Amino acid sequence: MSITVPIIESRSSDITFPSELWDVICSVLPKPSLSRLRLVCRGLNSIALPWTFRELRFEGFGNSTKNFVEIAKSPQLRHLVRELTVDTSVELDFEYNCNEDYQFPTEFLDALPYINCFKHLDALHLRFNHFCGDEDRTGISIEETWDFRYRVLDTVCHCIAGMWTVERQMEIEDAVDDSPRDYKRTYPEDEFDDSDQVIQLKELTITNLADFHDPRLASSEAFKRVVSLASLRDLKILITSQKDEDLDNSTVYYEEKYKFFKHLPRTWLNTNISNNLTTLSLYSEEFWGWFPKMDFRSMDFPNLQVLALGHYVFTHDWQIDWMSSIGQKNGVGGLRELYLDNCPILYQANQASPLDENDPGYPVVSTVFRAAAEMHTYPIRWSDVLSRWATSMKSLEVFRMGHSHWFVDEAPEDTLESVLNHLGTDADDEGVLRHRLSNNVHRSFDCPEPIDRAYGDVDPQTEYKSGKYLRGTGINGRYGGKLQYIEYDVNCFPSPWKETFWSYRDDNEGFEPEDGAWTTDIAALQEFTLAVKARTAGN
0 MSITVPIIES RSSDITFPSE LWDVICSVLP KPSLSRLRLV CRGLNSIALP
50 WTFRELRFEG FGNSTKNFVE IAKSPQLRHL VRELTVDTSV ELDFEYNCNE
100 DYQFPTEFLD ALPYINCFKH LDALHLRFNH FCGDEDRTGI SIEETWDFRY
150 RVLDTVCHCI AGMWTVERQM EIEDAVDDSP RDYKRTYPED EFDDSDQVIQ
200 LKELTITNLA DFHDPRLASS EAFKRVVSLA SLRDLKILIT SQKDEDLDNS
250 TVYYEEKYKF FKHLPRTWLN TNISNNLTTL SLYSEEFWGW FPKMDFRSMD
300 FPNLQVLALG HYVFTHDWQI DWMSSIGQKN GVGGLRELYL DNCPILYQAN
350 QASPLDENDP GYPVVSTVFR AAAEMHTYPI RWSDVLSRWA TSMKSLEVFR
400 MGHSHWFVDE APEDTLESVL NHLGTDADDE GVLRHRLSNN VHRSFDCPEP
450 IDRAYGDVDP QTEYKSGKYL RGTGINGRYG GKLQYIEYDV NCFPSPWKET
500 FWSYRDDNEG FEPEDGAWTT DIAALQEFTL AVKARTAGN
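Numbered per numbering that gives the first Met the number 0, the sequence shown spans residues 0 to 538.
Pasting the structure below:
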């Protein structure tokens, strides 16, 4: 949706539109148009100024660091920023995980404490690179090490919590050992105003959070304060894992992921934050829930209204009941929206045995590292899940399941084309846009599903001009992408997960673990969907 700003005479008296109408206009204008609108006259400058600086990006490439610090130092501008994206990526032509000469982002790290200046932030989006892990395993360098990620996370938390000081930053630096020998940390010369004031975040997004439980972060008082903020109602996390397609070994044996998910209910999802959240999006690049095990049974998320899960695996009855039970104090008595993005049911697993006697059906980590495998089957089917939800999820108004754009570092085509159309001649370097629009599945789950290029009769250009994809491209619920099943084989590498989805992604019917399962499952899905639609229509 490309918008041209009309030429208006430079007289403030000509601005007769009510402020509410100007807000609507400014909310759909791209930033370059807002900047030009400010130049028309003094009155339009005052109208467009807050919208121009409402969203700010702080990235480890280009002139971003310089611009970020300048805005942070400006009392007039920094209080206008409501949404901040912090991206650790260095120059976009640098290839991570290839033993290239990594230019340690010293200027970026030195500027990080200036987050402390943005006391009116509502939303913070923190984005790491998707490569993580222990480089001693592979001999391939990991640029964003555990130390690097801890330094960034704890520094950001100290800023949000109103606890940042030079002395505390020095303590963080003393706890890491990844800096170049010639790097001497510099600290802001400016004395921050209201440095002890907590930033009352409403939304926090972490993209490519490493599946590594870091005791340094978990014990940080600043981190504990951030995840206990009463204002924080919206949490979106995309978890990344160590990967190497050329590795002749299975990622099953990377122990850190099991510790990470075991501690998750006491760190990022502790009682304080889980009691407050109204929206939770929890995605992982690898399949999770069964192995690594994620036990939600002690977590009721009383105020949750929107739940989005990515690559979450169903295996047990308790998972069905748990999803029906959360959100009991949110005002409507249960979830209002549920999104299942590439979330399959495990139907069989060749796994090291015996399984856990205390929690039947789940593997034991120590056993997996040393025992032989046996085949195990799991009886749950989608017809079981959906038929029970049809009667138990009384408040659900939106239900979507399918498969999103999971391709790492690749922008969804519909969103990219829509943004290019929206910006017109003001479009930035397309490579920068592709980078910014990638790895957002955990944020765009509720956006429109992609254009059906295989069988659809919709004109893509018309869709791009409508602006419907500007926020992102959501879950594709067509064809065999829904009602997924998956198989597990501990002896397969580099990943033990054997997806059935890809062979059926363009078919009208999906994989079935036994004859007749698809017919039963699709009937249950249709019944459940009709119940949700009827409930929505009744409201």
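Virtual Cβ for every residue (Gly too), placed ideally from N, Cα, C.
Since the structure is predicted, the reported quantities are computational estimates derived from the model, not experimental observations.
Thinking just about the alpha-carbon of each residue, which of the options is nearest to the one in residue i?
i      : options                        : result
Gly269 : Lys242, Gly309, Arg224         : Note that residue 269 corresponds to Asn in the displayed sequence, not to Gly. Considering only alpha carbons, the answer is Arg224.
Arg150 : Asp299, Pro343, Gly42, Thr105  : Thr105
Phe295 : Ser323, Phe406, Pro411         : Ser323
Glu373 : Ala389, Leu354, Leu123, Ser391 : Leu354
Asp193 : Ala209, Lys183, Ile159, Asp210 : Ile159
Lys261 : Lys292, Pro512, Thr51, Asp135  : Lys292
Asn275 : Asp233, Leu203, Ala389, Gln241 : Asp233
Thr64  : His78, Ile114, Phe290          : Ile114
Is residue i helix, strand or coil by DSSP?
i      : result
Tyr252 : helix
Lys30  : helix
Ile46  : helix
Ile114 : helix
Ala122 : strand
Phe444 : coil
Thr376 : strand
Ala307 : strand
Lys223 : helix
Val397 : strand
His402 : strand
Gln525 : helix
Glu462 : helix
Ile485 : strand
Asn274 : helix
Glu467 : In the sequence on display, residue 467 carries Lys and not Glu. Reduced to three states, the DSSP call for Lys467 is coil.
Lys532 : helix
Phe107 : helix
Lys242 : coil
Phe16  : coil
Lys258 : helix
Quick one: residues in its chain with C-beta nearer than 6 angstroms to the C-beta of residue i, no 5 flanking neighbours on either side, listed in chain order?
i      : result
Asp177 : Thr144, Asp146, Phe147
Asp86  : Glu58, Arg126
Pro411 : His404, Thr472
Glu336 : Val305, Val397
Pro179 : Phe103
Val367 : Ala351
His129 : Asn207, Thr239, Val407
Enumerate in chain order the residues of its own chain whose CB-to-CB distance from residue i is below 7 angstroms, with the five nearest sequence positions on each side excluded.
i      : result
Val226 : Trp267, Asn269, Asn271, Ile272
Asn439 : Gly471
Pro495 : Ser249, Val251, Tyr487, Asp488, Val489
Ile2   : Only weak support exists for where Ile2 lies, its pLDDT of 44 falling under 50; the coordinates are left without a value.
Ser12  : At Ser12 the pLDDT is 48, less than 50, meaning the model places this residue with poor confidence and gives no usable figure here.
Val89  : Gly59, Phe60, Gln102, Pro104
Could you name the residues of the same chain whose beta carbon sits closer than 8 angstroms to that of residue i, not counting the 5 residues immediately before and after it, in chain order?
i      : result
Arg504 : His402, Tyr478, Gly479, Gly480
Glu462 : Asp413, Ser417, Ile450, Tyr468
Asp506 : Tyr478, Gly479
Pro17  : none
Pro5   : Residue placement at Pro5 is poorly supported in this model, since its pLDDT is 45, which falls under 50; the coordinates still yield a value, given next. Around Pro5: no qualifying Cβ.
In terms of residue numbering, what span does the alpha helix (DSSP H) encompassing residue i cover?
i      : result
Phe286 : Premise fails: Phe286 lies in the beta strand (DSSP E), 278-287, not in any alpha helix (DSSP H).
Ala426 : No alpha helix (DSSP H) contains Ala426, which DSSP labels as neither H nor E.
Asp299 : Careful: Asp299 lies outside any alpha helix (DSSP H) and carries neither H nor E.
Asn207 : Not the alpha helix (DSSP H): Asn207 falls in the beta strand (DSSP E), residues 202-209.
Leu337 : Leu337 -> not in any alpha helix (DSSP H); beta strand (DSSP E) instead, spanning 336-340.
Glu54  : From DSSP, Glu54 is part of no alpha helix (DSSP H) but of the beta strand (DSSP E) over 54-58.
Asn66  : 63-72
Ile319 : 316-324
Pro214 : 214-217
Ala371 : Run containing Ala371: none; DSSP gives neither H nor E here.
Arg387 : 381-391
Let me see if you follow: with CB-CB separation under 8 angstroms, is residue i close to chain D or not?
i      : result
Ala209 : Checking the listed chains, one finds no chain D in this structure; it contains a single protein chain.
Assuming residue i is part of the beta strand (DSSP E), what are its boundary residues?
i      : result
Asn349 : 344-351
Val85  : 82-86
Asp233 : 233-239
Q | Entirely enclosed beta strand (DSSP E) segments - the segment 488-519, minimum 3 residues | A | 496-498
Q: Identify every run of the beta strand (DSSP E) within the segment 112-200, keeping only runs that are complete inside it and at least 3 residues long; order them along the chain.
A: 122-126
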